[in-house]
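Here's the structure we're looking at; comments come further down.
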Amino acid sequence: MLLSLLIGIPSAWLMAMCRLPSEKVLQWAMVLPLAMPGYIVGYVFTDWFDFAGPLQVFLRDITGWGPGDYWFPDMRTLGGAIWVLSLVLYPYIYLLCRAAFMEQSVSILQSARLLKCSPWQSFWRISLPIIRPSIAVGLSLVAMEAIGDFGTVSYFAVNTLTTAVFDTWLGYSNLGAAAKISAIMLLVIILLISAERYSRRKQKLFQNQFNSHENFRYELKGWKKWAAVTWCWSIVAVAFIFPLLQLCQYAYRYFSESWTTQFYQYAMNSLQVSVLAALIALVIAVVLNFYNRLSATTSSNVFVRLASLGYAVPGTVLAIGVMVPVLTADHFINDIAKAMDWGRPGLIFSGSMFAIVFAFVVRFSAVAIGTIESSMNKVSPSLDMAARTMGCNSTQMLQRVHIPLMKRGALIAFLLVFIESMKELNAALLLRPFNFETLATYVYNFASDEQLEIAAMPAVLLVLVGLIPLIIVNRSLEQPH
């Protein structure tokens with residue numbers, strides 16, 4: 001969390017408050033590391049920093065040192081995992097803080113300049129305290145993602161609660177103990193969210209001016225300007241550009257090994273699961289938001305908020321929560337079938353795509369609900385009254401008025417859920433049926449076996465797919481308020 005904070009806040013302030021060369025490109029490039037799965041970055045870094053990797057080989061060649069003549073950092077440690085997770089998760093803090101910096105009142109910035117505040121004083125005394133809520137939200141997101149991560153910490157052999165759940169369930173076949181560990185993780189998540197809300201319970205921030213702050217950005221000169229540009233581009237290069245280039249090189253060199261019938265089959269599996277999850281989540285989002293719009297009661301609003309809580313739950317915890325009732329239902333159906341002499345139908349729910357699709361819908365419905373809510377709020381209530389006047393019932397109003405006006409929002413909601421489902425690893429690893437792999441599990445299996453080169457092509461595909469929501473988010477930030 002601290003390292004992500006040290007990367008995200010300075011980068012956000014430089015992008016929002018300073019004029020820099022190539023800033024238009026940097027504004028969206030700074031969020032690109034979020035599209036890179038942590039375990040892939042970890043594998044690439046380990047390959048670079050390993051004893052037989054290019055960095056140490058180059059160091060020995062130019063110095064003539066032997067294996068015991070120098071010290072070099074070991075990536076496969078707790079420190080290495082912290083670095084990797086910080087590099088791929090800092091965009092959460094960057095996005096929220098940059099938006100908060102851009103929304104600061106112009107009058108406050110004017111007052112700071114009139115009082116002869118330097119850029120550093122303005123940042124430390126004014127901007128930083130104002131964006132504290134955004135920092136708290138960003139830190140809570142980073143903390144939840146780090147707690148729920150499995151691929152990275154597993155590859156780096158770091159023991160966490162998430163790896164304990166996997167080991168207990170898959171290694172010892174003890175679902176009950178895994179459920180208890182998951183309950184502890186869920187409690188930690190609830191405490192994090194509660195602490196974040198409680199810390200700013202009395203904090204109220206209002207603005208009385210919403211003018212563009214473009215004329216109040218600082219003009220860095222000399223070495224300060226180039227130091228700021230170097231800082232930003234170095235982060236992008238280390239966290240995204242270099243790992244992606246390495247993956248592309250692997251994909252080119254091992255094209256014949258990557259382009260197989262397995263790759264096609266697993267791509268189709270991911271496509272089927274993600275499309276089903278996205279469609280179901282979209283329908284749920286539309287129905288819940290439309291019901292909340294019509295009733296406008298506290299209970300309906302609470303119901304919508306409860307339906308959005310799944311995104312805060314780690315995929316591992318959610319998988320446990322899904323598997324327990326699903327297995328119970330399967331056993332109940334088989335017991336009834338046996339009692340009726342109908343034979344055993346088998347694992348209808350847990351042995352099919354049902355469990356994994358259900359988990360994806362629960363986890364990512366919040367994304368669709370938020371997107372549809374934003375689109376539906378833009379539909380004027382006068383259109384609802386006009387539809388009522390013309391004799392339309394609720395279903396007709398939804399079909400003829402709201403859905404045509406929400407097409408863009410619905411498409412974005414579908415894409416976001418689809419992409420998140422394509423990338424989800426934790427729930428897919430635990431809930432996949434036998435002989436069923438998704439692209440995420442396929443890439444992880446090869447990466448954990450030190451053979452990411454063979455799965456480089458699907459890894460590149462996952463990264464490129466992950467860029468789509470980042471482009472959508474960044475475009476929304478660029479729109480004038």
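Counting with UniProt numbering, you get residues 1 to 481 for the letters of the sequence shown. Ideal Cβ positions, reconstructed from N, Cα and C, are used throughout, including at glycine.
Applying the criterion that 16 or more other CB atoms from any shown protein chain within 10 Å of the CB defines a buried residue, is residue 208 buried or exposed? Residue placement at residue 208 is poorly supported in this model, since its pLDDT is 47, which falls under 50; the coordinates are not used for a value here.
For residue 432, count the other beta carbons within 10 Å of its own beta carbon; 16 or more makes it buried, fewer makes it exposed. Which is it? buried
Quick check on residue 19: does DSSP put it in helix, strand or coil? strand
Let's test the definition: count the other Cβ atoms within 10 Å of the Cβ of residue 256 and tell me whether it reaches 16, buried, or not, exposed. exposed
In whole angstroms, what is the alpha-carbon distance linking residue 481 and residue 455? Interpretation of residue 481 is limited by its pLDDT of 46, a score under 50 that renders its predicted location unreliable; no figure is taken from the coordinates.
Decide if residue 345 is buried, meaning its Cβ has at least 16 other Cβ atoms within 10 Å, or exposed. exposed
What is the DSSP secondary structure of residue 172, counted as helix, strand or coil? coil
Going along the chain, which unbroken runs of the beta strand (DSSP E) with 3 or more residues stay wholly within the stretch 47-99? none
Using DSSP's beta-bridge definition, name the partner residues of residue 103. Beta-bridge pairing links residue 103 to no other residue.
Pick helix, strand or coil for residue 145, following the three-state DSSP scheme. helix
Is it the case that the Cβ atoms of residue 318 and residue 285 are separated by a distance below 7 Å? no
Near residue 352, which residues of its chain fall below 8 Å by C-beta distance, leaving aside the five closest residues on each side in sequence? 433
Contact the stretch 435-454 vs the stretch 224-243: 3+ CB pairs below 8 Å: no
Which residues DSSP lists as bridging residue 43, in chain order: In DSSP, residue 43 forms no bridge with anything.
Looking only at its chain, what residues have a beta carbon closer than 6 Å to the beta carbon of residue 6, apart from the 5 residues adjacent to it on each side? none
Could you check whether the Cβ of residue 238 sits closer than 7 Å to any Cβ belonging to chain C? Chain labels in this structure do not include chain C; a single protein chain is all it has.
My output table needs one value for residue 218: the three-state DSSP class, helix, strand or coil. strand
Check whether residue 417 and residue 364 have beta carbons under 7 Å apart: yes
Mind checking residue 293: buried by the 16 CB within 10 Å criterion, or exposed? buried
By a C-beta neighbour count over all protein chains shown, 10 Å radius and 16 as the cutoff for buried, is residue 295 buried or exposed? exposed
Extent of the continuous alpha helix (DSSP H) to which residue 119 belongs: 119-122
C-alpha distance - residue 163 paired with residue 176, whole-angstrom precision: 15 Å
Tell whether a beta-carbon distance below 7 Å holds between residue 179 and residue 320. yes
In three-state terms, what does DSSP make of residue 12? helix
Between which two residues does the alpha helix (DSSP H) containing residue 34 stretch? Where residue 34 is concerned, there is no enclosing alpha helix (DSSP H), given that its DSSP letter is neither H nor E.
With 16 as the cutoff for other CB atoms within 10 Å, does residue 250 come out buried or exposed? buried
If residue 304 sits next to residue 288, beta carbons under 8 Å apart, how far is it from one beta carbon to the other, in whole angstroms? 5 Å
What is the DSSP secondary structure of residue 345, counted as helix, strand or coil? coil
Does the distance between the C-beta of residue 184 and the nearest non-hydrogen atom of the ligand NAP fall short of 6 Å? Of ligands this structure carries none, so the ligand NAP is not represented either.
Measure the alpha-carbon distance for residue 17 versus residue 118 and round it to whole angstroms. 13 Å
State the DSSP-derived secondary structure class of residue 4, mapped to helix, strand or coil. helix
How would you write the range of the alpha helix (DSSP H) that residue 373 sits in, first residue to last? 354-377
Does DSSP put residue 449 in a helix, in a strand, or in coil? coil
Determine contact between the stretch 108-118 and the stretch 48-65, defined as no fewer than three beta-carbon pairs at a distance below 8 Å. no
What's the gap between the Cα of residue 128 and the Cα of residue 140? 17 Å
Specify, as a first and last residue, the run of the alpha helix (DSSP H) that residue 249 falls within. 242-253
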